[in-house]
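A.B. asks: Got a structure for you, written out below as structure tokens; questions coming shortly.
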Amino acid sequence: MKPELPAGQAGWKRLLNYQSIVKQVPFFLFLALLAVVYIFNGHYADKTIRKINRTAREVKELKYEYIAVKSKVMYQSKQSELVKVVEPLGLKELEQSPVVLKEVE
């Protein structure tokens, strides 16, 4: 006569037979697929974060460049600087105000 096993141990025997393991194969494949998707998602998030940081660094550098160029243009567009630049070309600053031409009717 076989000794009777407690209910918890009898359940383990039932779970470890070949047919029950074969029935669980699709579930294990699903778990493997989820693991692959989880790993891919982690790598993709890291890549995206690196790309965002690189873009932020480029924006910061371009902002500094913009400020430098803007200040240079503002300095060079002052009237005294323009006079210095066009003097070698033979152009001189007007000493009189320009004449306004009006159309005669």
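Each residue of the sequence shown is one higher than the last, beginning at 1 in my numbering. Cβ atoms here follow ideal geometry from the backbone N, Cα and C, with glycine treated the same way.
Beta-carbon separation of Val83 and Glu95 under 9 Å?
C.D. replies: The residue labelled residue 83 in the question sits at position 83 within the sequence shown. The residue labelled residue 95 in the question sits at position 95 within the sequence shown. No, Cβ-Cβ distance for Val83 and Glu95 is not below 9 Å.
A.B. asks: For Arg57, collect the residues of the same chain with a Cβ closer than 7 Å to its Cβ; drop the 5 residues on either side in sequence, then sort them by chain order.
C.D. replies: Taking the sequence shown and counting its residues from 1, the one referred to as residue 57 is at position 57. Around Arg57: no qualifying Cβ.
A.B. asks: Measuring only the C-alpha atoms, how far is Glu103 from Leu91?
C.D. replies: Position 103 of the sequence shown, counted from the first residue, corresponds to residue 103. Position 91 of the sequence shown, counted from the first residue, corresponds to residue 91. Their Cα atoms are separated by approximately 29 Å.
A.B. asks: Rounded to whole angstroms, what's the CA-CA distance from Gly52 to Ser71? Just pull it up for me.
C.D. replies: Looking up residue 52 in the sequence shown gives position 52. Looking up residue 71 in the sequence shown gives position 71. Here residue 52 is Ile; the residue named in the question, Gly, does not match the sequence. Cα to Cα, Ile52 sits roughly 29 Å from Ser71.
A.B. asks: Rounded to whole angstroms, what's the CA-CA distance from Phe40 to Lys47? Just pull it up for me.
C.D. replies: Within the sequence shown, residue 40 is the residue found at index 40, counting from 1. Within the sequence shown, residue 47 is the residue found at index 47, counting from 1. The straight-line gap from Cα to Cα measures roughly 11 Å.
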